[in-house]
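Worksheet: the structure to be examined is printed underneath.
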Amino acid sequence: MSDPAGEMALDARPAIAHGMRLQWEPAQDAHVLLYPEGMVKLNGPAGQIMSRCDGVRTIADIVADLERTYKQSGLTADVVAFVALAMQRRWLEAPP
Amino acid sequence: MNTSAPVGHALDAPGVAPGGTRSRSHTVGPPLWLLLELTYRCPLHCVFCYNPTDFANTGPELSTADWIRVLREARALGAVQLGLSGGEPLARDDLEEIVAEAHTLGFYINLITSGIGMTEARIKALKAAGLDHIQLSFQDSTREMNDFLSSTRTFELKAKVAELIRTHDYPMVLNVVLHRLNIDHVGEILAMAEALGAQYVELANTQYYGWAWLNREQLLPTRAQLERAEAATRAFRERVGAKMQIYFVVPDYFETRPKACMSGLGSVFLAVAPDGTALPCHAARTLPGLELPNVRGADVRAIWYDSPAFNRFRGDAWMKEPCRSCPEKVKDFGGCRCQAYLLTGDADNADPVCDLSPHHHLVTAAVARAERAAAAPAVAAPQSARAQGLTFRDHRVSIPVVIEEKRT
Ligand code: SF4
Ligand code: SF4
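Heads up: the sequence lines are chains C and L, in that order.
Position 68 of the first sequence, counting from 1, maps to 68 under this note's numbering, and the rest follow consecutively.
Every number in this note's numbering is 1000 more than the matching position in the second sequence, counting from 1.
Here's what the structure looks like:
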């Protein structure tokens, strides 16, 4: 697979990291990532990406879904960059 | 007794993006972090326990139905992180029921335990009820730690509980409170933690309120001890690498700026004591003139938004100089109210840990007394040791609540 950001393969299947939980919080009007004794409030796009990271869909699937849902194109680089960042912060993991 | 302040234990704060901390406007947000101190009962007796020193005089514990009502009311306001502590929360035999309700409501549930009372049956039930995370704490400063270091009973108990934690697929998170009497054993403590299979270890220096305040003269380490402990931690890190993450929490007496406690009192954190007293910080009982509301007499919404106690330290109108006109007040909110009160006699003063505080000498004097008491050779204070790769994290810093900036 091509690797546009030089970090993530498009066929990787990222999932929410073990011990973390992503959920929608109406009180914060945001997706929130919960982990032991902390939380990260995600903004809209980050929430949209993370909520699709189910360990089943590939990054390519997620990009396609987002592009379809939001009628945009060219989101690959942004999604890849965000997933790479989220992996680095251990919000996401992608079993090989 | 419980050793841990309620937020930000062992795990990393991955969400802190530069400039991304929660902005504090005058609108009051929800109590995102709820800590239920389910009981003061505890089989241990810690000299540094932060529970109020008069806890024997507090009223009867809340019933299961009371706790469940508190959970529902707090969740409705937007509370989402839940800490269950004590005392030893396993001393409550309705813990599973409370966890199950919290899980149904959508809380992320952390259990903070000494492990005493944990069995295969209970951990199974807790897992089934939806418990998300367990933090195993070393709580008794002397007896338990000595046992642990000499590989006797306590080690075996912890090892058994650690095994339960692992086999039930929880990350192994260990919290050890450090002070003068055990800080020289950091190397051994880390080796033990490794033997237990810990993935995360928080070495948290004692914070001086509650029991620890009374024992401060005996507990405050010397700077030389601190530096040795930091060096031992660094060496251990280099040896074990990434398989174990270690957080070393420096006692703030050795700092020149205070911690941004709880992002300011009344900002994100709400604790409920065993008798139903609602607290804007777990040590708030020390603060004079705060009429602390009780969940038996008021609902959580009224307590959070309307009670004088929870409004007392919101915003910055209560601040005195030098905080009031200090540009850093938006970062540290003037530091710890309890520390300000305990050291200066006025909870509205700057936390004397701050070297801009006219009372800062009280902190340096306490450190100097500790030096003398320990009869340690006078050691200058090379701050540079701090910058050499240890992660310094303080559980009082705040819940990392950030907006991740991302544009697609
Ligand atoms: S003077 Fe007050 S606000 Fe300024 S840094 Fe010190 S404690 Fe913080
Ligand atoms: S006010 Fe002080 S004692 Fe209370 S939580 Fe904050 S730092 Fe801790």
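Just so you know, even glycine gets a beta-carbon here, dropped at the ideal spot from N, CA and C.
All figures in this text were calculated on a predicted structure; none of them were measured in a lab.
Between ligand 1 and GLU1255/L, a heavy atom-to-CB distance of less than 8 angstroms is absent. VAL1240/L places its beta carbon 9 angstroms or farther from that of GLU1188/L.
Taking the Cβ of ALA1224/L as the reference point, every heavy atom of ligand 1 lies at 8 angstroms or farther away. The beta carbon of SER1063/L sits no closer than 8 angstroms to any heavy atom of ligand 1. Taking a C-beta distance under 9 angstroms as the contact criterion, HIS1133/L and LEU1111/L qualify as a contact pair. The straight-line gap separating the alpha-carbon atoms of PRO1308/L and ALA1278/L is approximately 12 angstroms.
Within a 10 Å sphere around the beta-carbon of HIS31/C sit 16 or more other beta-carbons, which makes this residue buried. Residue state for GLU1328/L is assigned as coil, using DSSP reduced to three classes.
Inter-segment contact for the region 77-94 of chain C and the region 13-30 of chain C is present: three or more beta-carbon pairs are separated by less than 8 angstroms. Excluding residues up to 5 positions away in sequence, VAL1099, ILE1109 and LEU1111 lie with their Cβ nearer than 7 angstroms to the Cβ of LEU1131/L in the same chain. Per the Cβ contact rule, the region 1289-1296 of chain L is not in contact with the region 1317-1336 of chain L (fewer than 3 Cβ pairs under 8 angstroms). Around the CB of GLU1037/L, 16 or more other CB atoms lie within 10 Å, so the residue is classed as buried. When beta bridges are read from the DSSP output, HIS1133/L appears opposite ASN1110/L. Neighbours of ASP1132/L in chain C, taken as residues whose beta carbon is under 8 angstroms from its own, are GLY19, ARG21, LEU34 and PRO36 in chain order. Residue environment: PRO1288/L is assigned as exposed (fewer than 16 neighbouring CB atoms within 10 Å of its CB, all protein chains considered). Within 9 angstroms of the CB of GLY1266/L, no CB atom of chain C is found; the nearest one sits about 17 angstroms away. Set against 8 angstroms, the gap from the CB of LYS1158/L to the closest heavy atom of ligand 1 is not smaller.
When distances are taken from the beta-carbon of LEU1126/L to the heavy atoms of ligand 1, even the shortest one reaches 8 angstroms or more. Annotation for VAL1176/L: the continuous beta strand (DSSP E) segment containing it runs 1173-1178. One Cα belongs to THR1154/L, the other to TRP1067/L, and the distance between them is close to 31 angstroms.
Here ARG1372/L is exposed. Its C-beta has fewer than 16 other C-beta atoms within 10 Å.
For ALA1350/L, the shortest C-beta to heavy atom distance toward ligand 1 is below 8 angstroms. Interface residue (Cβ-Cβ distance to chain C less than 9 angstroms): TYR1170/L is classified as such. Between the beta-carbon of LEU34/C and that of VAL1330/L there is about 26 angstroms, and that puts the pair past the 8 angstroms contact cut. Taking C-beta atoms as the reference points, VAL1367/L and PHE1254/L count as a pair closer than 9 angstroms.
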